[in-house]
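Under this note's numbering, think of the first position of the sequence shown as 226, with each following residue one higher. For glycine and all other residues, C-beta sits at the position ideal for the given N, C-alpha and C. The structure presented is a predicted model; accordingly, all values stated were derived computationally and were not measured.
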Amino acid sequence: MKQKKFKSSIVIPSVLFIYLAVMAYLGRGMLATGESLKYYGVIACTIVILVVLHFSLKKKERLREQRNLDKYTTYKQDETKMSETNDKTSDSDK
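Here it is as structure tokens:
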């Protein structure tokens with residue numbers, strides 16, 4: 226039975242978001258002292274960084290999957306690709 230693998234583009238930002246939530250809870254005293262702009266600014270910047278991290282990790286995973294698929298092909302698939310590219314070039318020559 227194949228074990229389900231968690232994607233790092235989901236796990237890492239999720240763990241960091243939980244960490245952000247805990248730190249925001251512990252730092253809520255800043256709101257009482259009147260530093261609400263700094264409090265919410267740090268939270269907003271961190272969320273933007275987490276979103277960028279998610280999409281960059283997702284792109285990295287997608288590129289890795291493409292590289293692995295291209296690496297392990299059969300000779301039959303290679304011949305099919307070659308014949309398709311030859312057909313396209315011969316059509317463009319006409």
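For residue 263, the CB contacts under 7 Å within the same chain, skipping 5 residues up- and downstream, are 255 in chain order. Taking residue 234 as reference, the option from 291, 246 and 286 with the minimal CA-CA separation is 286.
If you compare the alpha carbons of 284, 280 and 253 with that of residue 238, the shortest gap goes to 280.
Under the three-state reduction of DSSP output, residue 259 falls in the coil class, being neither helix nor strand.
Shortest Cα-Cα distance from residue 273 to any of 241, 236 and 232 involves 241. Straight across, the Cα-Cα distance linking residue 260 with residue 267 is about 11 Å. In the structure shown, residue 232 falls within a coil segment according to DSSP collapsed to helix, strand and coil.
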